[in-house]
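Read through the structure below, which is laid out as structure tokens, and then see the notes.
Chains as they are written, first to last, in our numbering: chain A, 72 to 410; chain B, 253 to 472.
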């Protein structure tokens with residue numbers, strides 16, 4: 072509640088337009104809204120000069136975002152010239168030399184450079200503890216980089232208002248995190264409700280979404296999460312993430328807690344769904360088959376470092392020992408049902 | 253029985269003392285809730301305060317009640333003879349259970365739910381009102397319930413500083429070495445405590461179900 076106050080004042084400060092001559096004054100005078108204290112890492116975060124000079128329109132100025140120049144192919148450090156990855160596409164998410172350390176000094180992410188292109192499904196693959204989830208949380212600013220910067224729509228996440236940033240990014244986690252005291256319909260309609268949609272539009276959207284994830288709205292809309300099976304719950308979780316039609320979708324092992332049959336079923340449906348939706352998706356998994364089935368590109372992480380980014384067909388042929396280790400594990404999973 | 257004879261003969265006084273007792277407890281519980289619940293919420297937001305606040309509440313809790321009443325008498329504004337002092341003391345005693353339960357209830361909300369809420373772009377305030385408080389209302393009320401039962405007991409001692417209540421009978425009975433008079437104060441006090449416990453328990457269950465806190469898995 073008290074952090075809420077500072078956030079509100081931050082929003083107010085953002086609404087005040089700053090004339091150019093004032094904007095040129097030192098940082099302390101330009102009323103840059105203070106970041107919520109709780110989110111800030113202990114050492115504070117450094118912002119590179121480059122990101123401050125660039126024009127940032129993080130708070131919904133879509134037109135300005137559309138007008139901005141296309142990313143030069145040479146700018147993409149990651150395999151822009153490889154076959155199968157469209158170098159002329161826009162980068163929606165960029166990691167620039169990102170490191171993330173815990174307060175106790177443990178390094179979870181080290182010098183990560185990664186680009187996620189518009190409309191692609193990038194799968195973050197790695198063992199437990201390789202920093203996949205941390206990477207994901209850096210994108211919607213649940214965590215802030217210790218050094219380097221994460222750019223979403225070419226603005227550093229630290230320059231974004233975190234609330235606006237997160238409402239534009241769908242987020243699905245393994246534990247789903249449905250609100251137990253809300254009905255399915257209210258869970259799904261949460262973000263639109265926060266955005267202040269009219270009840271009629273909201274209801275129509277919820278119905279549409281439930282149908283999209285193959286749940287009958289009349290039957291399931293009024294149920295509570297504890298009245299659903301695990302697979303149904305995860306469907307609701309996906310529907311909730313899609314509710315406000317965010318262009319970016321982050322999925323953290325969304326099918327991880329499900330039994331293999333349900334998992335394969337949901338994965339198949341998700342494959343169809345993502346073709347229809349045309350979202351930029353970052354998908355975290357530790358399962359190679361899932362990665363191969365869903366990815367446009369696979370980014371392999373190992374102990375907080377990026378081993379490499381490969382299209383699925385190249386990933387199978389790649390020779391790095393880390394990848395071979397992963398692929399040899401596939402053979403043991405032959406019985407796992409997959410589409 | 254002689255006790256009940258005594259109570260029936262003096263029913264007007266018993267009734268008056270019970271009302272006084274109830275008033276002491278109700279007012280102090282409301283005050284304690286108004287102070288401790290927001291403070292508990294604050295503690296979940298400002299971790300640095302947590303040790304201090306819980307420490308202070310703990311210390312207050314360890315002061316014997318009779319001594320606390322005694323300490324308060326010479327303090328201007330808060331103290332003196334009468335029920336104002338008693339209300340201050342009872343409020344102080346009720347702080348800890350409510351504070352601790354508010355903190356524990358909010359911190360105990362499923363972490364996945366909190367992460368989902370943050371990830372979807374809820375502001376801190378929205379998260380508090382729409383997620384954390386509804387989901388912890390049962391635990392918070394349990395704290396209020398414990399505090400109420402405790403203060404019904406402690407309120408009997410308030411009679412020692414002239415605050416009235418059922419303790420009047422107990423002290424009078426002690427002075428007269430008359431068990432009937434003691435029991436005439438003790439029995440209604442015990443009934444009050446049981447009644448408050450049951451009533452708040454019911455409320456806890458109601459609100460819990462309403463907000464889904466105690467929602468049990470049902471076959472569907």
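Each residue gets a CB set at the ideal place from its N, CA and C atoms; glycine is no exception.
Practice prompt. With DSSP collapsed to three states, give me the class of residue 322 of chain A.
Written response: DSSP places residue 322 of chain A in strand when its eight states are reduced to three.
Discussion item. Is there a C-beta anywhere in chain A that falls below 8 Å from the one on residue 416 of chain B?
Written reply: No, residue 416 of chain B does not count as interfacial toward chain A.
Worksheet item: Could you give the uninterrupted runs of the beta strand (DSSP E) lying entirely in the segment 198-266 of chain A, keeping only those of 3 residues or more?
Response: Listed in chain order, they are 218-223 and 240-244.
Worksheet entry | Segment limits, beta strand (DSSP E) that includes residue 351 of chain A | Start and end: 351-356.
Discussion item. Could you pull the DSSP bridge partners for residue 399 of chain A from this structure?
Written reply: In the DSSP assignment, no residue is bridged to residue 399 of chain A.
Fill in: Beta carbon proximity, residue 364 of chain B to chain A, threshold 8 Å
Taking Cβ atoms only, chain A reaches closer than 8 Å to residue 364 of chain B, which makes this a yes.
Practice prompt. Find the nearest neighbour of residue 334 of chain B within the set B:449, B:447, B:415 and B:312, judged by alpha-carbon distance.
Written response: Taking residue 334 of chain B as reference, the option from B:449, B:447, B:415 and B:312 with the minimal CA-CA separation is B:415.
Worksheet item: Secondary structure at residue 429 of chain B, three-state DSSP: helix, strand or coil?
Response: Coil, per DSSP.
Discussion item. So residue 170 of chain A and residue 178 of chain A are supposed to be a Cβ contact under 8 Å. How far apart are they, rounded?
Written reply: Contact flag correct, Cβ pair sits at about 7 Å.
Worksheet item: What residues in the segment 375-391 of chain B have a beta carbon less than 7 Å from any beta carbon of chain A?
Response: Cβ proximity to chain A below 7 Å picks out 375, 376, 377, 378, 380, 383, 386 and 387 from the segment 375-391 of chain B.
Fill in: residue 350 of chain B vs residue 395 of chain B beta-carbon contact at 8 Å
Yes. Within cutoff.
Worksheet item: Is it the case that the Cβ atoms of residue 297 of chain A and residue 198 of chain A are separated by a distance below 8 Å?
Response: Going by C-beta atoms, residue 297 of chain A is not nearer than 8 Å to residue 198 of chain A.
Worksheet item: Is the segment 364-381 of chain A touching the segment 201-213 of chain A, taking contact as three or more C-beta pairs under 8 Å?
Response: Because the criterion of three Cβ pairs below 8 Å is met, the segment 364-381 of chain A and the segment 201-213 of chain A touch.
Worksheet item: How many whole angstroms separate the CB atoms of residue 194 of chain A and residue 354 of chain A, which I take to be in contact at a CB cut-off of 8 Å?
Response: Contact holds; Cβ gap of about 5 Å.
Practice prompt. For the alpha helix (DSSP H) containing residue 302 of chain A, list its first residue and its last residue.
Written response: Start and end: 301-313.
Discussion item. Could you tell me the alpha carbon to alpha carbon distance between residue 243 of chain A and residue 271 of chain A, rounded to whole angstroms?
Written reply: When rounded, the distance between both Cα atoms is 26 Å.
Item to complete: Leaving out five residues on either side along the sequence, give the residues of the same chain with a beta carbon under 6 Å from the beta carbon of residue 357 of chain B.
Response: In its chain, beyond the 5 residues on either side, 388, 391 and 392 have a beta carbon closer than 6 Å to the beta carbon of residue 357 of chain B.
Practice prompt. Please decide whether residue 303 of chain B counts as near chain A, where near means a Cβ-Cβ distance under 8 Å.
Written response: With a threshold of 8 Å between beta carbons, residue 303 of chain B makes no contact with chain A.
Discussion item. By the three-class DSSP mapping on this structure, what secondary structure does residue 405 of chain B have?
Written reply: Here residue 405 of chain B carries a helix assignment [DSSP, helix/strand/coil].
Item to complete: At 4 residues or longer, and completely inside the segment 267-297 of chain A: list those alpha helix (DSSP H) runs for me, N to C.
Response: If we require 4 residues or more, the alpha helix (DSSP H) runs fully inside the segment 267-297 of chain A come out as 270-283 and 288-291.
Item to complete: Could you tell me if residue 361 of chain B is buried or exposed, where buried requires 16 or more neighbouring beta carbons within 10 angstroms of its beta carbon?
Response: Counting Cβ neighbours within 10 Å, residue 361 of chain B comes out buried, since at least 16 surround it.
Item to complete: Would you list the one or two residues that DSSP bridges to residue 192 of chain A?
Response: BP columns for residue 192 of chain A point to A:352.
Practice prompt. Compute the distance between the beta-carbons of residue 255 of chain A and residue 294 of chain A, then report whether it is under 8 Å.
Written response: Yes; because the gap between Cβ atoms is below 8 Å, this pair is in contact.
Worksheet entry | Cβ-based burial, residue 348 of chain B [other Cβ within 10 Å; buried from 16] | Label assigned to residue 348 of chain B: buried.
Practice prompt. Provide the residue span of the alpha helix (DSSP H) that contains residue 350 of chain B, from first to last.
Written response: Counting along the chain, the unbroken alpha helix (DSSP H) around residue 350 of chain B starts and ends at 335-359.
Item to complete: Can you say whether residue 428 of chain B is buried or exposed, counting buried as having 16 or more other CB atoms within 10 angstroms of its CB?
Response: Sixteen is the threshold: since fewer than 16 other Cβ atoms of the shown chains lie within 10 Å of the Cβ of residue 428 of chain B, the residue is exposed.
Item to complete: Classify residue 255 of chain B as helix, strand or coil using the three-state DSSP reduction.
Response: In the structure shown, residue 255 of chain B sits in a helix (DSSP, three-state: H, G or I).
Practice prompt. Using a Cβ cut-off of 8 Å, pull out every chain B residue sitting near residue 420 of chain A, in sequence order please.
Written response: A query on residue 420 of chain A cannot be resolved here, the shown segment of chain A reaching from 72 to 410 and no further.
Worksheet item: Buried or exposed: where does residue 232 of chain B fall if 16 or more other Cβ atoms within 10 Å of its Cβ makes it buried?
Response: With chain B running from 253 to 472 in the structure shown, residue 232 of chain B is simply not present.
Practice prompt. Indicate whether at least one CB of chain A lies closer than 8 Å to the CB of residue 272 of chain B.
Written response: It does not; no Cβ of chain A falls within 8 Å.
Worksheet item: Can a CB atom of chain A be found closer than 8 Å to the CB of residue 356 of chain B?
Response: So, not an interface residue.
Worksheet item: What is the DSSP secondary structure of residue 174 of chain A, reduced to helix, strand or coil?
Response: Taken through DSSP and simplified to helix, strand or coil, residue 174 of chain A comes out as coil.
Worksheet entry | One or two residues paired with residue 186 of chain A in a DSSP bridge | Within the DSSP secondary-structure output, residue 186 of chain A pairs in a beta bridge with A:165.
Worksheet item: Rounded to whole angstroms, how far is the Cβ of residue 280 of chain A from the Cβ of residue 310 of chain A, which I believe are closer than 8 Å?
Response: Indeed, because the Cβ distance is near 4 Å, the residues count as touching under 8 Å.
Discussion item. Taking a contact to mean a Cβ-Cβ separation below 8 Å, would you say residue 351 of chain A touches residue 221 of chain A in this structure?
Written reply: In this structure, residue 351 of chain A lies away from residue 221 of chain A, with their beta-carbon atoms at least 8 Å apart.
Item to complete: Name, in chain order, the residues that DSSP records as bridge partners for residue 320 of chain B.
Response: Bridge partners of residue 320 of chain B: none, in fact.
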